[in-house]
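S.K.: Let me give you the structure first, and then I'll get to my questions.
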Amino acid sequence: MLEITSLACARGAVQVLQNVDLNLIAGEAVVLRGPNGAGKTTLLRIIAGLSPALSGQIKCASDSIAYSGHADGIKTNLTVAQNLNFWAGVFGQRDITTAFDAFDLHDLRDRPAGEMSAGQKRRLSLARLLVTGRPIWCLDEPTVSLDQENVARFASAVQAHLARGGAALIATHIDLGLADARIFDIKPFMCRKLVETDPFADWEAA
Amino acid sequence: MIGLLIRDLRLSVKAGGGFGLALAFFLIVSVLVPFGIGPETALLREVSGGILWLGALLACLLSLDRIFALDWEDGSLELLATSPLPLEMVAITKSAAHWITTGLPLALVAPLLGLFLNLPEDGFLWLVISLLVGTPALSAIGTFGAALTVGMRRGGLLLSLLVLPLYVPSLLFGSMVVSNGASGEAVGTPLALLAAISLGSLAILPFASASVLRVNLR
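Chains as they are written, first to last, in the numbering used here: chain A, -18 to 187; chain B, 1308 to 1525.
Below, the structure written as structure tokens:
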């Protein structure tokens, strides 16, 4: 589903990863491991298409990646249902009840998102993944501020997603309880060198 | 796209959304001007068109930095960038939402403020028409400025510096429409140029906004 070959990533003017090769097949979950600052977030942002790669290739079907970063992307002035309905509309989906079920949000449905705790916001943010309808989940520290019960909920949502033929790439430090998840340690790919940046490279390429 | 527009409009009328801010500012500026200039009705009559356009322009400027800043802070902008909506469409929708919450209400209350400033009666219709035709350009140019400065600390200040010079043509032709209309002269040419600026900015700037957003999101 996702095929990464000899990818090099930079954060700012520093190259942080080199020669990353990673394959993700349908029904597979890969847990991204690595020390702080190794480049997990950078890698995920490049896969999601937010940042350009220095070199290398990423092959996947277009519009197949659902990204979730450190920020929740929640409008505090809107209710939980309004927030989720908005994202469902953007991704052309209608059904938000499965997302509500998966993260047990029914009781919070009409609460303004600003009144919720950090963990509840996180659940809403993760529920958004289910309304994207996209097969590859790229998740950056998805379990931050979740309690044990909700980590388990998250794990079963991921399992259900894998069972539907999806795939997930998850950067995390904790054990999610995903039995057959493959661990991908990015430590061997770490590198630290300055990149010569050419501010006009983009324009020439275009 | 409709969903994004509705969300933005809904957010703008909630607490802290900024709807009404531009309107109140426009009202205060227009009411204060006669105090500054003095009670000479003949003088006010001369300058009223220009003052009203300037007031509308400054009021527009007030809410520009919120166009992308809030979505940037809570991470929604990143998520929108990875969604099926093209960023060009996001930029157009944001401009539209900004116009509906500032440009449109400004155009609608302007006649009332024209009354305060002793605008000649022939000018009222042209005031509303010129604002309706000209303010979309202010929103589109402002969206581009907001995209350029998103994520920047104290970006609002820089935004004003970037955007105000680009507002000059609209201000020029807009106030010309009002003053020509008020004195019974032909308004065709300045109105056509005003419309051209609006249509041109709406056609080109969403692409520029989207490409600078992509750079800023890296």
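Here a beta-carbon is modelled for each residue, glycine too, at the ideal position from N, C-alpha and C.
1. By alpha-carbon positions, which one of B:Lys1401, B:Gly1343 and B:Pro1346 ends up nearest to Ser1370 (chain B)?
2. Cβ of Thr124 (chain A) within 8 Å of Cβ of Leu157 (chain A)?
3. Tell me, please, whether the CB atom of Leu1318 (chain B) is closer than 8 Å to any CB atom in chain A?
4. Taking its Cβ as the centre, do 16 or more other Cβ atoms sit within 10 Å of Thr1496 (chain B), making it buried, or is it exposed?
5. For the stretch 31 to 53 of chain A, which residues have a CB atom closer than 9 Å to at least one CB atom of chain B, in sequence order?
6. By Cβ distance below 7 Å, which residues in the same chain neighbour Asn64 (chain A) in space, the five residues on each side in sequence not counted?
7. Does Glu1353 (chain B) come within less than 8 Å of chain A when only Cβ atoms are used?
8. If I measure Cβ to Cβ from Val1470 (chain B) and keep anything under 7 Å in the same chain, skipping five residues before and after, which residues do I get?
9. Note down, in chain order, each residue of its chain lying with its Cβ closer than 7 Å to the Cβ of Leu110 (chain A), except the 5 sequence neighbours on either side.
10. Within 10 angstroms of the Cβ of Val1528 (chain B), are there 16 or more other Cβ atoms? Answer buried if so, exposed if not.
11. Check the DSSP bridge columns for Thr60 (chain A) and list the partner residues they point to.
12. Where do the ends of the beta strand (DSSP E) carrying Ile(-15) (chain A) lie?
13. Mark Ile6 (chain A) as exposed unless 16 or more other C-beta atoms lie within 10 angstroms of its C-beta, in which case mark it buried.
14. Hey, Gly30 (chain A) and Ser(-13) (chain A) are a contact pair by Cβ (cut 8 Å); roughly how many whole angstroms apart?
15. Classify Ser1505 (chain B) as buried or exposed, calling it buried when 16 or more other Cβ atoms lie within 10 Å of its own Cβ.
16. Go through its chain and collect everything with a Cβ distance to Pro1513 (chain B)'s Cβ below 6 Å, but skip five positions before and after it.
17. So, are the CB atoms of Arg163 (chain A) and Val11 (chain A) less than 8 Å apart?
18. For Asn4 (chain A), which beta-bridge partners are listed by DSSP?
19. Can you look up Phe1342 (chain B) in the DSSP assignment and give me helix, strand or coil?
20. Over what stretch of residues does the alpha helix (DSSP H) that includes Met1396 (chain B) continue unbroken?
21. What do you get for Glu1347 (chain B), buried or exposed, if any count of 16 or more other CB atoms within 10 angstroms of its CB means buried?
22. Quick one: measure Cβ to Cβ for Leu1424 (chain B) and Val1340 (chain B), integer angstroms, because I've assumed they're closer than 8 Å.
23. Would you call the stretch 1455 to 1463 of chain B and the stretch 1406 to 1426 of chain B touching, i.e. three or more CB-CB distances under 8 Å?
24. Might you give, ordered along the chain, the residues of its own chain that have their beta carbon closer than 6 Å to the beta carbon of Val1485 (chain B), omitting 5 neighbours on each side?
25. Could you give the distance in angstroms between the alpha-carbon of Ser1446 (chain B) and the alpha-carbon of Pro1427 (chain B)?
26. Using a cut-off of 8 Å between C-beta atoms, extract the partners of Ala29 (chain A) located in chain B.
27. From this set, B:Leu1387, B:Leu1384, B:Thr1456 and B:Thr1409, which residue's C-alpha is nearest Pro1443 (chain B)'s C-alpha?
28. From A:Ala136, A:Ala99 and A:Gln74, pick the residue whose C-alpha is nearest to that of Pro1391 (chain B); which is it?
29. By the DSSP assignment, the alpha helix (DSSP H) with Gly1462 (chain B) in it spans what residues?
M.R.: On the basis of the data shown:
1. Nearest to Ser1370 (chain B) by alpha-carbon distance, out of B:Lys1401, B:Gly1343 and B:Pro1346, is B:Lys1401.
2. It is a contact, given that the beta carbons lie within the stated cut-off.
3. Cβ-Cβ to chain A under 8 Å: yes for Leu1318 (chain B).
4. Within 10 angstroms of the beta-carbon of Thr1496 (chain B) lie fewer than 16 other beta-carbons, which makes it exposed.
5. Cβ contacts with chain B come from Leu31, Ser32, Pro33, Asp44, Ile46, Ala47, Tyr48, Ser49, Gly50, His51, Ala52 and Asp53.
6. Cβ neighbours of Asn64 (chain A) beyond the five flanking positions: Ile55, Lys56, Ala94 and Leu105.
7. Chain A, which has no Cβ nearer than 8 Å to the Cβ of Glu1353 (chain B), makes this no.
8. Only Leu1368, Leu1371, Ile1448, Gly1449 and Gly1452 meet the Cβ criterion.
9. So the qualifying residues of the chain are Ala47, Ser49 and Trp118.
10. This structure cannot speak to residue 1528 (chain B), because chain B is shown only from 1308 to 1525.
11. Per DSSP, A:Pro93.
12. Annotation: the continuous beta strand (DSSP E) that includes Ile(-15) (chain A) extends over Leu(-17) to Arg(-8).
13. Exposed.
14. With 8 Å as the limit, Gly30 (chain A) and Ser(-13) (chain A) do not qualify as a contact, their Cβ atoms being about 18 Å apart.
15. Classification for Ser1505 (chain B): buried.
16. The beta carbon of Pro1513 (chain B) sits closer than 6 Å to those of Glu1395, Ala1398 and Ile1399, all from its chain and outside the five residues before and after it, given in chain order.
17. Val11 (chain A) sits close to Arg163 (chain A), with the two beta carbons spaced by under 8 Å.
18. Secondary-structure assignment with DSSP links Asn4 (chain A) through a beta bridge to A:Glu(-16).
19. Helix, per DSSP.
20. Here the alpha helix (DSSP H) through Met1396 (chain B) covers Leu1394 to His1405.
21. Classification for Glu1347 (chain B): exposed.
22. Confirmed, about 7 Å.
23. Counting Cβ pairs under 8 Å, fewer than three are found: no touch.
24. Gly1356, Gly1430, Trp1433, Leu1434 and Ser1437.
25. Straight-line Cα distance between these residues: approximately 28 Å.
26. Residues of chain B with a Cβ closer than 8 Å to the Cβ of Ala29 (chain A) are, in chain order, Thr1389.
27. With distances taken between Cα atoms, Pro1443 (chain B) lies closest to B:Thr1409.
28. Nearest of A:Ala136, A:Ala99 and A:Gln74 to Pro1391 (chain B), Cα basis: A:Gln74.
29. It spans Gly1462 to Ala1489 - the alpha helix (DSSP H) in which Gly1462 (chain B) sits, taken as one unbroken run.
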